[in-house]
Amino acid sequence: MAGERILVIDDEANIVHTYAEILECEGFAVQGASTGLEAIERCRQETYDLLLIDLKLPDVGGLDVLRQGKQLLPDVAAIIITGFGTLESAVEALRLGAEEYLTKPIQSEALITTIQHILAQKRENVAVVRGNLRDMSLTSLISIACNEHRQARLLIRRGNQEATFFFEDGNIVHIALNNGLEGEEVIYEVLAWEEGVFEMEQGLPPPRHTVTTNWSALLLKGLQYLDESALETVEWEGGTEVIEEGTGDMVQQLASDLRRLGGIEGAVIVARDGIVLAHDLEGDAEKEGAVAVFVGNAANQVGEALALGTFEHGVVAIGKDRMLVLEQPDYYVGLLLGERASPVLVTSQAESIFR
């Protein structure tokens, strides 16, 4: 990207001049430093997108410049260049965070290609998304991060509380609260947060691995824990009342259980002929049941005509409302999804209830 800033660090002025000329022709903004100390001071005073560091400098070695440069500018990329490299120095450079280790002489085309590739990756990896949990739920954020199969860090702040999630290879691998709690237990507390701001940053590796459970199973456990906690007690003025297990037939109990899933605003169970068997919702159960039957039957007809197999579940949007329709052997289930509900997670939770 034109205008990205590069600092060339070499004690030979002609090399600095040559590299600057080549890179400026490609649209980069280039500065030079002839010593390691000068380079470190520039990193203190200014920001750069990439450091081009000669390994052998007259005062501070190139690896020390790399180390301190990364400390001062955590997002900076770096290339080590040397005329007499060794395997040991190459390994150490990469360990300290260098993106590339090149040996002289370097063809200008090769240098440009390498720098462009590194900066393109850097632009992609450091993309930061910020928002509010009122607009996007934590379960949705986790689902997106895991489905992208990239390293990423999700930071959530609610008042003086701060939770950090790290993602790698399509799973949550580390969770921590700023009170010192780490690991899978954190999910039980953080999933209850409905307010807060978040920041998702790509390309950040986890500091350690404290989570081993698959992300969807972990969320399911967390949501079930919240549901059970919510059902245990109801607060009322003057005290707390324990809820006793409800009565009624099994179908009505099933509707009530489904309604209690996280993010569900209503549940209807309807026979294939359109007769509502049970419901737990506010509003017109017959209308919602008709929607579920229509979607399920239509999906099955399309699947049969195109040899796609039988319908299992799907989401239909009508205006601002969403319904998740699930097929069971003798009936359809229609679940009215709240604004922040994740269809994938709700389906997984519902299937566990059916079992």
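Each residue of the sequence shown is one higher than the one before, starting from 395 at the first, in this note's numbering. The beta carbon of each residue, even a glycine, is placed where N, CA and C say it ideally should be. None of the values given here were measured: they were computed from a predicted structure.
field: Length of the line joining the Cα atoms of alanine 414 and glycine 426
entry: 8 Å
field: Segment contact flag, the stretch 522 to 540 with the stretch 477 to 495, C-beta cutoff 8 Å, min 3 pairs
entry: no
- prompt: Can you name, in chain order, every residue of its own chain whose Cβ lies under 8 Å from the Cβ of glutamine 743, other than the five neighbours on each side?
  reply: Leu614, Leu617, Gln618, Leu655 and Gly656
Three-state secondary structure assigned by DSSP to arginine 436: helix
message: Let me confirm a value: aspartate 469 is counted as buried when at least 16 other C-beta atoms fall within 10 Å, else exposed. Which label applies?
response: exposed
Three or more C-beta pairs below 8 Å linking the stretch 663 to 677 and the stretch 725 to 738: Yes, they touch.
message: Can you give me the C-alpha to C-alpha distance between arginine 399 and valine 738, rounded to a whole angstrom?
response: 43 Å
task: Select from Gly668, Phe422, Leu513 and Lys450 the residue whose C-alpha is nearest the C-alpha of lysine 498.
output: Nearest option by C-alpha distance: Lys450.
message: Is the separation between the beta-carbon of leucine 549 and that of glutamate 593 shorter than 8 Å?
response: yes
task: Tell me whether the beta-carbon of tryptophan 587 lies closer than 8 Å to the beta-carbon of arginine 552.
output: yes
- request: Following the continuous alpha helix (DSSP H) through histidine 411, name the residue where it begins and the one where it ends.
  value: 407 to 419
- prompt: Taking 7 Å as the cut-off, does the CB of valine 664 come closer than this to any heavy atom belonging to the ligand PLP?
  reply: In the structure on display, the ligand PLP does not appear, and there are no ligands present to speak of.
task: Could you check the C-alpha separation between valine 636 and aspartate 678 for me, to the nearest Å?
output: Here the model assigns valine 636 a pLDDT of 41, short of 50, so the residue's position is not dependable, and the following value carries that caveat. Rounded to whole angstroms, valine 636 to aspartate 678 spans 30 Å at the Cα level.
field: Whole-Å CB distance - isoleucine 473 paired with alanine 492, under 8 Å assumed
entry: About 7 Å; that satisfies the 8 Å criterion.
query: DSSP beta-bridge partners for glycine 660?
result: For glycine 660, which the question treats as bridged, DSSP gives the partners Leu730.
query: Is phenylalanine 705 buried or exposed, if buried means 16 or more other CB atoms sit within 10 Å of its CB?
result: buried
query: Should isoleucine 475 be labelled buried (16 or more other beta-carbon atoms within 10 Å of its own) or exposed?
result: buried
- prompt: Is methionine 717 helix, strand or coil when you go by DSSP?
  reply: strand
- prompt: Given a threshold of 16 other Cβ atoms within 10 Å of its Cβ, counted over all protein chains shown, does valine 410 qualify as buried or as exposed?
  reply: buried
field: Close-in-space but distant-in-sequence residues of the same chain around threonine 741 (CB under 6 Å, 5 per side omitted)
entry: His707
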